[in-house]
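A.B. asks: This note's numbering numbers the first residue of the sequence shown as 338 and each following residue consecutively. I am attaching a structure below and will ask some questions about it afterwards.
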Amino acid sequence: MSKKKIAVLISGGGSNLQSLIDREQAGFFAGEISLVISNNKNAYGLIRAEQNKIPALHISKKDFPTNQLYDRKLIELFTEYEIDLIVLAGYLRYITPELIAKYPNKIINIHPSLLPAFGGQGYYGANVHQAVYARGAKVSGATVHFVDEGQDTGPIILQQAIALDAKWQPEDIAKYVLRIEHQILPLAVKYFCEDKLTIKNNRVYIDL
Numbered sequence: 338m339s340k341k342k343i344a345v346l347i348s349g350g351g352s353n354l355q356s357l358i359d360r361e362q363a364g365f366f367a368g369e370i371s372l373v374i375s376n377n378k379n380a381y382g383l384i385r386a387e388q389n390k391i392p393a394l395h396i397s398k399k400d401f402p403t404n405q406l407y408d409r410k411l412i413e414l415f416t417e418y419e420i421d422l423i424v425l426a427g428y429l430r431y432i433t434p435e436l437i438a439k440y441p442n443k444i445i446n447i448h449p450s451l452l453p454a455f456g457g458q459g460y461y462g463a464n465v466h467q468a469v470y471a472r473g474a475k476v477s478g479a480t481v482h483f484v485d486e487g488q489d490t491g492p493i494i495l496q497q498a499i500a501l502d503a504k505w506q507p508e509d510i511a512k513y514v515l516r517i518e519h520q521i522l523p524l525a526v527k528y529f530c531e532d533k534l535t536i537k538n539n540r541v542y543i544d545l
């Protein structure tokens with residue numbers, strides 16, 4: 338089985354990117370991170386990529402001022418690098434229908450809650466954990482899902498939950514959920530690279 342070529346899109350520190358790099362180097366999945374792109378020139382994830390000799394690019398909104406132009410540039414790069422899978426790992430930009438249509442069921446996202454709870458518009462990053470805390474939720478977790486044209490509405494690949502200690506603050510919830518993200522995102526990539534994911538009626542079936 339030939340290795341799938343993977344592009345990872347980031348906006349910040351890139352800890353999920355690092356978890357993928359570490360798992361790739363350990364031979365955990367049959368894929369190769371071939372490209373890292375950030376919309377934020379100061380994203381530490383770009384440095385993580387460079388340290389591991391992975392092509393790393395900052396694509397500026399100034400150069401591509403509309404979402405459509407921006408994503409057309411991404412499509413151009415994905416074509417050049419022959420990308421098979423696109424991973425959104427803390428990527429805080431809108432994904433256009435044009436990009437989704439070009440890569441159907443080949444874009445996955447990690448979200449820091451148990452979707453559909455605490456998903457959709459405005460629910461990203463620390464906002465999610467603050468909302469979980471404010472609601473007094475007893476469990477939280479993370480979700481890996483395929484990306485469709487909705488916000489956090491695509492078919493769910495993997496989820497993992499954690500019981501929340503009543504004493505935890507939003508920062509504590511974030512810390513423990515991030516550990517889960519680092520476990521299930523590489524696993525979802527592994528299943529994709531091994532062609533073990535099938536989608537029927539908006540449900541993902543894993544051929545184990």
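The C-beta atom is built at its ideal place from N, Cα and C for all residues, glycine as well. Model, not experiment: these values are computed from the prediction.
(1) In the DSSP assignment, the beta strand (DSSP E) including Phe455 goes from what residue to what residue?
(2) Below 8 Å on the Cβ atoms is my contact criterion, and I expect Leu429 with Ser348 to pass it. Report the Cβ-Cβ distance as a whole number of Å.
(3) Taking only the alpha-carbon atoms, compute the straight-line gap between Asp485 and Lys443 and give it to the nearest angstrom.
(4) Within the same chain, show all residues whose beta-carbon is closer than 7 Å to that of Ile437, passing over the 5 residues directly before and after it, in chain order.
(5) Would you list the residues sitting across from Thr480 in a DSSP beta bridge?
(6) Comparing alpha-carbon positions, which option in Ala525, Ile517 and Val476 lies nearest Asp502?
(7) Assuming Leu495 and Ile521 form a contact by the criterion Cβ under 8 Å, report the distance between their Cβ atoms to the nearest whole angstrom.
(8) For Arg516, count neighbouring C-beta atoms within 10 Å of its own C-beta (all shown protein chains included) and say buried if the count is 16 or more, exposed if not.
(9) Under DSSP, the beta strand (DSSP E) around Tyr461 begins and ends at which residues?
(10) For Thr535, which of helix, strand or coil comes out of DSSP?
(11) Short check: CB of Asn539 to CB of His482, under 8 Å?
(12) Could you tell me the distance, in whole angstroms, from the CA atom of Phe415 to the CA atom of Asp408?
(13) Classify Ala426: buried if its beta carbon has 16 or more other beta carbons within 10 angstroms, exposed otherwise.
(14) Which residues mark the beginning and the end of the alpha helix (DSSP H) in which Glu369 is found?
(15) I think Val424 touches Leu383, with their Cβ atoms under 8 Å apart; what is that distance to the nearest whole Å?
(16) Given a cut-off of 8 Å, decide if Lys390 and Gly368 are closer than it, judged by their beta-carbon atoms.
(17) To the nearest whole angstrom, what separates the beta carbons of Thr480 and Ile493, a pair I think is in contact under 8 Å?
(18) Given a cut-off of 8 Å on the beta-carbon distance, is the pair Ile396 and Lys410 in contact?
(19) Given this structure, state the Cα-to-Cα distance separating Leu524 from Arg472, to the nearest angstrom.
(20) Would you say Gly456 and Asp489 are within 8 Å of each other, going by their C-beta atoms?
(21) Where does Gly491 land, buried or exposed, given buried means 16+ other C-beta within 10 angstroms?
C.D. replies: On the basis of the supplied data:
(1) In the sequence shown, counting from the first residue as 1, residue 455 sits at position 118. Careful: Phe455 lies outside any beta strand (DSSP E) and carries neither H nor E.
(2) Numbered from its first residue, the sequence shown carries residue 429 at position 92. Numbered from its first residue, the sequence shown carries residue 348 at position 11. With 8 Å as the limit, Leu429 and Ser348 qualify as a contact, their Cβ atoms being about 4 Å apart.
(3) By one-based count along the sequence shown, residue 485 stands at place 148. By one-based count along the sequence shown, residue 443 stands at place 106. So the alpha carbons of these two residues sit roughly 10 Å apart.
(4) Within the sequence shown, numbered from 1, the residue matching residue 437 stands at position 100. Excluding residues within five positions, the ones whose Cβ falls inside 7 Å are Ile444, Val484, Asp485 and Glu486.
(5) Indexing the sequence shown from 1 puts residue 480 at position 143. Answer by DSSP bridge pairing, in chain order: His448 and Gln496.
(6) Counting from 1 along the sequence shown, the entry for residue 502 is found at position 165. Comparing Cα positions, the closest option is Val476.
(7) Here residue 495 refers to the residue found at position 158 when the sequence shown is read from its first residue. Here residue 521 refers to the residue found at position 184 when the sequence shown is read from its first residue. 5 Å between Cβ atoms; contact.
(8) Here residue 516 is taken as the residue at index 179 of the sequence shown, counted from 1. By the neighbour-count rule (16 or more Cβ atoms within 10 Å), Arg516 is not buried but exposed.
(9) Taking the sequence shown and counting its residues from 1, one reaches residue 461 at position 124. Careful: Tyr461 lies outside any beta strand (DSSP E) and carries neither H nor E.
(10) As a position in the sequence shown, residue 535 is number 198, starting the count at 1. Thr535: strand per DSSP, three-state reduction.
(11) Your numbering for residue 539 matches position 202 in the sequence shown. Your numbering for residue 482 matches position 145 in the sequence shown. One thing to note: Asn539 has its Cβ no nearer than 8 Å to the Cβ of His482.
(12) In the sequence shown, the residue the question calls residue 415 occupies position 78. In the sequence shown, the residue the question calls residue 408 occupies position 71. In a straight line, the C-alpha of Phe415 is about 10 Å away from that of Asp408.
(13) One-based indexing of the sequence shown puts residue 426 at position 89. When all chains shown are included, Ala426 counts as buried.
(14) Mapped onto the sequence shown, residue 369 falls at position 32. Counting along the chain, Glu369 sits inside no alpha helix (DSSP H); it lies in the beta strand (DSSP E) bounded by residues Gly368 to Ser375.
(15) Here residue 424 corresponds to residue number 87 of the sequence shown, with the count starting at 1. Here residue 383 corresponds to residue number 46 of the sequence shown, with the count starting at 1. Wrong, their Cβ atoms sit about 15 Å apart, outside the cutoff.
(16) To locate residue 368, count along the sequence shown from 1; it is residue 31. To locate residue 390, count along the sequence shown from 1; it is residue 53. Not a contact, by the Cβ cut-off of 8 Å.
(17) Taking the sequence shown and counting its residues from 1, one reaches residue 480 at position 143. Taking the sequence shown and counting its residues from 1, one reaches residue 493 at position 156. Contact between Thr480 and Ile493 holds: CB atoms are separated by about 6 Å, below the 8 Å threshold.
(18) Along the sequence shown, read from residue 1 onward, the residue named residue 396 stands at position 59. Along the sequence shown, read from residue 1 onward, the residue named residue 410 stands at position 73. A contact, by the Cβ cut-off of 8 Å.
(19) Within the sequence shown, residue 524 is the residue found at index 187, counting from 1. Within the sequence shown, residue 472 is the residue found at index 135, counting from 1. The alpha-carbon atoms of Leu524 and Arg472 are separated by roughly 30 Å.
(20) Within the sequence shown, numbered from 1, the residue matching residue 456 stands at position 119. Within the sequence shown, numbered from 1, the residue matching residue 489 stands at position 152. For Gly456 and Asp489, yes; Cβs fall inside 8 Å.
(21) For this step, residue 491 is matched to residue 154 along the sequence shown. Looking at its Cβ environment, which holds 16 or more other Cβ atoms inside 10 Å, Gly491 is buried.
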